[in-house]
Structure formats: C-alpha cells, structure tokens
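Residue 201 in the numbering used here sits at position 195 of the sequence shown, with consecutive numbering throughout. Cβ atoms here follow ideal geometry from the backbone N, Cα and C, with glycine treated the same way. Structure record follows, encoded as structure tokens.
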Amino acid sequence: MSRTCNLLTGRSYLSIFKAGKLFARSYVTNTTFESEKYVESDESNGVRTITLSHDASRNSLSLEMMKILTWNLERDHDKESLRAIVIAAEPGKIFSAGHNLKELTTAKGNKHHYEVFETAANLMKTITNSPIPVIAAVDGLAAAAGCQLISSCDIVICTERSSFSTPGANFGIFCSTPGIPLVRNVPQKIASYMLYTGLPLTAQEALNAGLVSKVVPNDRLYEGVKETIDAIKAKSRAVVQLGKKFLFEQQELDLSSAYYYGTEIMLQNLELKDAQEGIKSFVEKRKPVWSNKFEKDEGLE
C-alpha cells in the first residue's frame with residue numbers, strides 16, 4: 007500500500023556533502039504524492055538542490071520519481087532569485103541506476119511503458135528548457151537513464167570514483183532513449199562503445215569524452231560545485247538565460263542560419279541594461295551591478 011509523502015515541510019535539513027552545507031536537504035512544500043519518499047529538495051542562496059533519495063531502488067528513475075523531479079525543476083523557475091539548480095544524490099552512493107526495470111515488464115502493458123518513456127523525455131526536455139543552468143553533482147555510478155539524466159544537464163561535476171554507463175543491452179533493452187543526449191555530448195565512436203558494450207567510462211574517460219565538465223577529488227565535490235555556482239551567480243541572470251536558450255536552439259541550424267540567428271541574439275543582448283552595465287563596469291574597472299532583468303537600456307535607440 008502506498009503512503010502519502012508530503013514533500014513540503016521545508017524543515018528537516020540534512021547535509022548532502024560531507025565537506026560543507028551549501029546544499030542542505032528538506033522536504034519540498036505545496037504538493038503531495040502518493041508514494042514513498044523519492045527526492046528531497048532545498049532552496050537557499052539562489053540555489054535549488056534536488057537530491058535523489060530512494061536507496062531501495064538505487065535511485066532508479068521510476069515513473070513517480072521522474073514526475074517529482076520534473077515538478078521540482080519547473081516550479082517557480084522564473085523567479086529572479088533562483089540562479090541554479092543542482093541534481094545530486096547521497097555522497098559515495100549510486101547516483102542513479104536508470105529506469106526501474108519492474109515498470110518495464112510485459113505485465114505492466116504497453117500503455118504504461120509509453121507513459122514511462124514519455125515522462126522521461128519530458129524530464130530531459132525540462133532540463134534543457136529550464137531558464138537557468140542545471141548542474142549534476144555526481145559521486146558514484148550514473149547508469150542507463152541515470153546517464154541520460156546527467157547527459158541532459160548543462161554542467162556535470164563528478165568525483166574521481168564516479169562512472170557512467172549505458173548497459174541496457176546487457177538486459178535485452180538497448181539504451182535507445184539514453185543515447186539521445188549521450189550522442190549529443192560525446193563523439194559517436196564513444197557513444198557506440200558505451201551503447202553496444204555496456205561497459206562504463208571512468209570519470210577521467212568521461213571528462214576526456216566531453217560527458218562531464220569537471221572531475222574533482224572524492225572529498226571535494228562540494229567545493230567543485232560551489233565554485234561553479236559562484237561563477238554563475240556572478241553573471242547577470244538575464245544574460246545567462248538568453249545565452250542558454252540560444253546555445254541549444256542554434257545546434258539545430260545549419261552554419262549560416264546559426265550565425266544569422268546569433269547576430270540577432272547578440273543585438274538583443276546588447277540592448278539589455280545589464281549588457282551596457284557590464285561594458286561600463288569594465289571601462290570603469292569596477293564590479294558590475296546587475297539588475298538580472300530583461301530590461302532594455304534607455305540609452306539605446
């Protein structure tokens with residue numbers, strides 16, 4: 007029998023990194039799910055941290071887990087104070103084992119299977135479409151749909167002991183959907199190796215292939231993520247949002263169209279008050295004071 011998990015008290019905090027308390031965990035407020043506790047979420051200092059916390063399933067991306075993740079990614083993501091979202095798991099444990107195979111048996115039926123993969127696709131697209139950077143903090147194995155999840159994130163910081171795999175073929179299920187963001191991150195030969203063999207990449211191999219952004223010592227994940235977030239928070243939220251949107255959209259264009267669109271985006275960027283503030287602060291040799299808003303500079307015609 008399922009039990010009601012209220013994800014919204016906002017009180018019970020627990021550090022997810024041994025090295026510090028930048029990312030604390032609490033239950034999210036304002037919605038309830040008829041389920042076990044799958045994630046814990048906290049928001050402080052402009053950072054929302056979503057922690058996968060279902061050890062019994064090795065943080066598998068069950069249908070309900072994915073729905074809760076999507077909800078946490080989407081809620082209030084347009085508010086100016088929110089500057090980054092971190093997806094993490096308990097340190098030293100598995101990040102995510104991928105889809106819950108119990109949901110993919112014949113007994114569940116094709117309709118349920120379709121819902122699982124549609125929900126997964128929606129989750130991944132929600133990360134891409136988020137107006138702010140989404141960072142994966144990985145300390146352990148990210149496998150199959152778990153690898154798909156980190157591949158969909160904007161930035162991936164991982165520890166030296168982390169590893170990444172798409173082993174679905176080992177169980178008779180080719181990682182077709184996990185391969186979608188994977189092949190958009192790494193060269194095709196690397197993606198083919200991972201998908202056909204099911205063998206994992208080490209953290210260093212993943213870094214060399216372009217699957218992760220940075221590898222840190224096992225006890226320095228907190229510092230590595232904090233350094234990244236601090237750098238993002240030092241920029242204008244509006245400028246980063248504009249840039250992220252363009253970064254993904256231009257990938258679907260041919261070279262000439264991408265440059266044409268890029269010119270239009272640069273012109274829009276220069277019209278922003280924060281762009282002119284950035285130029286002015288550079289000339290005056292001072293730190294910029296951002297509005298973080300999509301406000302047009304009054305001095306431009």
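So, helix, strand or coil for F101, using DSSP?
Coil.
Is the Cβ-Cβ distance between I161 and I141 less than 9 Å?
Cβ atoms of I161 and I141: closer than 9 Å.
Could you say which of S242, F288, K291, P294 lies nearest to N275 if we only look at CA atoms?
For N275, the nearest C-alpha among the options comes from S242.
Count Cβ pairs between the region 136-150 and the region 224-239 that sit closer than 8 Å; are there 3 or more?
By the Cβ rule, the region 136-150 counts as touching the region 224-239, because three or more pairs are nearer than 8 Å.
Give me the Cα-Cα distance between E96 and E277, rounded to the nearest whole angstrom.
A direct Cα-Cα distance of roughly 43 Å separates E96 from E277.
For E166, which of helix, strand or coil comes out of DSSP?
Three-state DSSP puts E166 in coil, outside helix and strand.
Do E166 and A209 have their beta-carbon atoms positioned less than 9 Å apart in this structure?
Cβ distance < 9 Å, so A209 and E166 count as in contact.
Going by DSSP in three states, D84 sits in which element: helix, strand or coil?
In this structure, D84 counts as coil in the three-state DSSP scheme.
Quick check on D236: does DSSP put it in helix, strand or coil?
Reduced to three states, the DSSP call for D236 is helix.
Mapping DSSP to helix, strand and coil, what is S158?
If DSSP states are grouped into helix, strand and coil, S158 belongs with the helices.
In angstroms with no decimal places, state the Cα-to-Cα distance between E121 and A149.
Their Cα atoms are separated by approximately 20 Å.
How big is the Cα-Cα spacing for A113 and K279?
A direct Cα-Cα distance of roughly 57 Å separates A113 from K279.
I need the DSSP call for E49, collapsed to helix, strand or coil.
In the displayed model, E49 falls within a strand according to three-state DSSP.
Here's the rule I'm using: 16 or more other beta-carbon atoms within 10 Å means buried, otherwise exposed. How should I56 be labelled?
With 16 or more other Cβ atoms within 10 Å, it is buried.
Taking only beta-carbon atoms, is A264 less than 9 Å away from chain B?
This model lacks chain B altogether, as it is built from one protein chain only.
Neighbourhood of S68 by C-beta distance below 7 Å, restricted to the same chain and skipping five residues each side:
If we look at S68 and ignore the five residues flanking it on each side, its Cβ neighbours are N106, E109.
So, is K302 buried or exposed, given that buried needs 16 or more other C-beta atoms within 10 angstroms?
With fewer than 16 Cβ atoms within 10 Å of its Cβ, K302 is classed as exposed.
Run through the DSSP bridge pairs and tell me what S171 is partnered with.
A149.
With distances taken Cα to Cα, identify the nearest neighbour of N176 among S50, P187, Y202, E211.
Cα-wise, what sits closest to N176 is Y202.
Contact check, T183 vs A127, beta carbons under 9 Å:
Yes.
Checking 9 Å against the spacing of the C-beta atoms, do S158 and A212 come in under that value?
Cβ atoms of S158 and A212: not closer than 9 Å.
What's the call for P223, buried or exposed, on a 16-neighbour Cβ count within 10 Å?
Burial check for P223: the Cβ neighbour count within 10 Å stays below 16, so the residue is exposed.
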